[in-house]
Amino acid sequence: MDKDSPLNNSPYLIEWRQVGHAVKVSAIDPQTTLEVSIVGDARVGLDVLKKQAIRKLNHQLNKQRN
Numbered sequence: 228m229d230k231d232s233p234l235n236n237s238p239y240l241i242e243w244r245q246v247g248h249a250v251k252v253s254a255i256d257p258q259t260t261l262e263v264s265i266v267g268d269a270r271v272g273l274d275v276l277k278k279q280a281i282r283k284l285n286h287q288l289n290k291q292r293n
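Those letters in the sequence shown? Residues 228 to 293, by the numbering used here.
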């Protein structure tokens, strides 16, 4: 990941674990402790998977607010 990537400044905690060709990426909002996870192909790239996890977390946060 590029050091200037917007993911580096994300307000969320990001965890990932690779098992074989799959990567589980979790995104956690520290203010609400809401956590979401996705599983994707490692060949896609970690940046893409992180962005998808953050997008999913934002979607869940918006659902909670409404």
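No residue lacks a Cβ here, since even glycine has one placed at the ideal position from N, Cα and C.
Quick check on residue i: buried or exposed, where buried means 16 or more other Cβ atoms within 10 Å of its Cβ?
i      : result
LEU240 : exposed
ARG244 : exposed
Got a sec, what are the start and stop residues for the alpha helix (DSSP H) residue i sits in?
i      : result
ARG270 : Segment: none, ARG270 is in no alpha helix (DSSP H) and carries neither H nor E.
Over the uninterrupted beta strand (DSSP E) stretch that includes residue i, give me the two end residues.
i      : result
SER253 : 249–256
So, are the CB atoms of residue i and residue j less than 8 Å apart?
i      : j      : result
SER276 : VAL252 : In the sequence as presented, Ser is not what sits at residue 276; that position holds Leu. Against a cut-off of 8 Å, the Cβ pair of VAL252 and LEU276 comes out as a contact.
GLY267 : VAL246 : no
ALA254 : VAL263 : yes
SER237 : ILE265 : no
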